[in-house]
Amino acid sequence: GEGIAGQVAQTGEPVLTNDVSSNALHSPRIARRIGFATRSVLCVPLAADARVVGALELVNRKGDQRFEQHDLRLATLIAGQMARAIAVARERDEGERRARLAMIGQMMAGILHDLRTPMTVIGGYAELMADEPERDERRRSSEVIHKQLEHLSAIT
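Note that my numbering numbers the sequence shown so that position 101 is 102, with each residue one more than the last.
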């Protein structure tokens, strides 16, 4: 990541600075791009289960007030709740994805089962046809094969 928030997300360590011009991590390019004059920053990691998923960055305390340690503690508590909400949402999404994949797997198993039965019949009648010297029997076997092929076509 870039800037203070990028560093916090990468290291998991909070940053509190009331003079961003003296902080080497501050990226004036980002401030110019969004058209915002940044004076002070309080940034804490969004971490759940020892895994950082982002950063919460508070910019320019109201008026001329400075960010203090109690602001850092409060932001850390809020960030923890946000990170847990993100983790829960991700787990829910992953559970839904697994359920969809399981459903697709079951559908595929059903389709393969539906295909296997006519294929077995076709194979059996083809073997009978190959061994059958009588023309009428071969014709009947051929009709069964054609019916099974029509059945397969209807499935797909």
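Glycine included, every Cβ here is placed at the ideal spot set by N, Cα and C.
Note that the coordinates shown come from a computational prediction; the quantities given were computed from them, not determined experimentally.
Asked                                                                                                                          : Found
Where residue 52 sits in the DSSP three-state scheme                                                                           : strand
Cut-off 6 Å between Cβ atoms - residues of its own chain near residue 31, not counting five sequence neighbours on either side : 4
Cβ-based neighbour list, residue 117, same chain, cut-off 6 Å, excluding 5 preceding and 5 following                           : none
Chain C contact for residue 100 (CB, 8 Å cutoff)                                                                               : In summary, chain C is missing from the structure at hand, where a single protein chain is found.
Cβ-based burial, residue 121 [other Cβ within 10 Å; buried from 16]                                                            : exposed
Proximity below 8 Å, CB of residue 13 to CB of residue 53                                                                      : yes
Where residue 39 falls: helix, strand or coil (DSSP)                                                                           : coil
Reference residue 45; option with closest CA among 124, 81, 109, 22                                                            : 81
Separation of residue 43 from residue 16, as counted between CA atoms                                                          : 6 Å
Nearest-angstrom Cα separation, counted from residue 19 out to residue 38                                                      : 13 Å
Per-residue burial, residue 89 [other beta carbons within 10 Å of its own, 16 or more giving buried]                           : exposed
Distance between residue 56 and residue 7 (C-alpha atoms, nearest Å)                                                           : 8 Å
Contacting residues, own chain, Cβ-Cβ under 6 Å from residue 87 (five flanking each side not counted)                          : 54
Rounded straight-line distance, which links the Cα of residue 66 to that of residue 77                                         : 19 Å
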